[in-house]
Amino acid sequence: MCGIVGLFLKDKSLEPQLGALLSEMLVTMTDRGPDSAGIAIYGADQNDLVKLTIQSPEPETDFAGLTEDLRKAGIKNASILPKNTHAVITVSSDQIDATRTALEDLRPNVRVMGTGTAMEIYKEVGLPKDVLERFKISDMSGTHGIGHTRMATESAVTTLGAHPFSTGSDQCLVHNGSLSNHNNLRRELTREGIRLETQNDSEVAAAYLTGEMAKGKNLGEALTSALDDLDGFFTFVVGTKSGFGVVRDPIACKPAVMAETDAYVAFGSEYRALVNLPGIEDARVWEPEPATVYFWEH
15 MCGIVGLFLK DKSLEPQLGA LLSEMLVTMT DRGPDSAGIA IYGADQNDLV KLTIQSPEPE
75 TDFAGLTEDL RKAGIKNASI LPKNTHAVIT VSSDQIDATR TALEDLRPNV RVMGTGTAME
135 IYKEVGLPKD VLERFKISDM SGTHGIGHTR MATESAVTTL GAHPFSTGSD QCLVHNGSLS
195 NHNNLRRELT REGIRLETQN DSEVAAAYLT GEMAKGKNLG EALTSALDDL DGFFTFVVGT
255 KSGFGVVRDP IACKPAVMAE TDAYVAFGSE YRALVNLPGI EDARVWEPEP ATVYFWEH
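Heads up: the sequence shown is residues 15 to 312, going by our numbering.
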């Protein structure tokens with residue numbers, strides 16, 4: 015049992031409130047998963063700049079002097095913004111691979127949570143309220159975001175095992191359920207060159223969608239393919255640079271509710287996650303159908 019939330023804004027005037035709205039939604043889902051929590055926020059595109067969200071178990075040591083060390087390694091004009099155990103490194107788009115390689119050499123304890131021109135991911139072990147406060151999520155603005163609070167069933171309770179999972183640029187996924195064919199899929203995806211960091215079945219789902227979109231499919235098409243290729247119980251909420259998607263497996267035993275107004279589309283594992291959203295009393299509220307793909311794009 016896990017808790018999922020998502021919010022896709024249509025009304026730009028709400029963008030300064032995105033972090034605060036998502037935080038309140040996620041805290042409401044605490045009792046569905048007290049082990050760990052995480053959130054992905056999509057902000058403004060930075061044109062030729064790419065962000066790497068990184069995490070360290072020893073941030074005071076690993077983040078100190080990192081900008082200068084990267085410069086010495088040939089990563090020019092890198093900037094770093096620490097946030098508790100995480101930091102956001104901004105580099106030019108042509109230096110993303112070199113930065114990853116340099117981090118592996120310079121800071122072997124550091125892990126990359128996600129990359130992209132718009133996306134930042136923050137996740138840690140602990141209650142949602144505590145995790146969100148550590149990273150000041152309520153102060154963040156953006157166009158859309160997704161969040162997750164976890165009750166572990168498939169793998170250890172660790173930072174890397176927390177959701178969202180990101181396996182492609184500006185792509186991430188949160189999942190409630192469990193997959194039965196993730197080991198076979200992991201081997202296939204690894205052969206295709208997609209990098210996986212954990213043994214978590216949900217990361218395999220994220221990697222599967224990355225692989226499908228790399229073939230030219232949009233998010234909606236990739237989610238449709240997932241209905242044929244992924245076995246098990248699942249509700250997925252997925253973010254891309256411009257989009258937000260939802261799909262449930264054909265049995266749909268995991269709870270889900272959605273709401274849409276002229277200002278936003280929202281998702282929650284339970285309706286109580288949505289009750290304090292502005293204008294919710296006038297929203298169209300429904301339970302997403304089994305084996306049906308829903309997605310929106312800016």
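Just so you know, even glycine gets a beta-carbon here, dropped at the ideal spot from N, CA and C.
- The beta carbons of residue 37 and residue 151 sit about 5 Å from each other, so the pair counts as a contact at 8 Å.
- The C-beta distance from residue 284 to residue 271 rounds to 7 Å, short enough to meet the 8 Å contact threshold.
- Under the DSSP assignment, residue 43 falls outside any beta strand (DSSP E); it carries neither an H nor an E label.
- Using a C-beta cut-off of 8 Å, the region 249 to 257 makes no contact with the region 273 to 280, since fewer than three inter-stretch Cβ pairs fall below that distance.
- Residue pairing by DSSP leaves residue 142 without any beta bridge partner.
- Three or more Cβ pairs closer than 8 Å define a contact, and the region 210 to 223 meets that threshold against the region 160 to 178.
- Rounded to the nearest whole angstrom, the C-alpha separation of residue 288 and residue 245 is 29 Å.
- Under a 10 Å Cβ-count criterion, residue 264 is classified as exposed, with fewer than 16 other Cβ atoms of the shown protein chains found around its own Cβ.
- Look at the beta carbons and you see the region 111 to 121 touching the region 79 to 97: at least three pairs across the two are nearer than 8 Å.
- For residue 240, there is no enclosing beta strand (DSSP E); the residue is part of the alpha helix (DSSP H) that begins and ends at 233 to 243.
- The Cβ-Cβ distance between residue 44 and residue 141 falls below 8 Å.
- Shortest Cα-Cα distance from residue 238 to any of 171, 309, 212 involves 309.
- Scanning the region 111 to 179 for uninterrupted alpha helix (DSSP H) segments of 4 residues or longer gives 142 to 148, listed from N- to C-terminal end.
- The continuous beta strand (DSSP E) containing residue 257 extends over residues 257 to 262.
- Taking a cut-off of 8 Å for Cβ pairs, the region 53 to 71 and the region 129 to 139 touch, as three or more such pairs fall below it.
- Going by beta carbons, residue 153 and residue 33 fall inside the 8 Å limit.
- Under the DSSP assignment, residue 311 falls in the beta strand (DSSP E) whose first and last residues are 308 to 311.
- In this structure, residue 17 places its C-beta atom within 8 Å of the C-beta atom of residue 163.
- If you look at residue 285, you'll find it isn't in any beta strand (DSSP E); DSSP assigns it neither H nor E.
- Annotation for residue 87: no alpha helix (DSSP H) segment contains it, and DSSP assigns it neither H nor E.
- Residue 171 is a Cβ neighbour of residue 49, given a cutoff of 8 Å.
- Under the 10 Å beta carbon count, residue 186 is surrounded by 16 or more other beta carbons and is classified as buried.
- The beta-bridge partner set that DSSP reports for residue 185 consists of 182.
- Scanning its chain for C-beta atoms nearer than 7 Å, with the 5 sequence neighbours on each side dropped, one finds around residue 267 the residues 247, in chain order.
- In the DSSP secondary-structure assignment, residue 56 is bridged to 133, 158.
- Around the Cβ of residue 90, a 10 Å sphere holds fewer than 16 other Cβ atoms; the residue is exposed.
- In the three-state reduction of the DSSP assignment, residue 305 falls in the coil class, being assigned neither a helical nor a strand state.
- Between residue 160 and residue 181, the CB-CB gap reaches or exceeds 8 Å.
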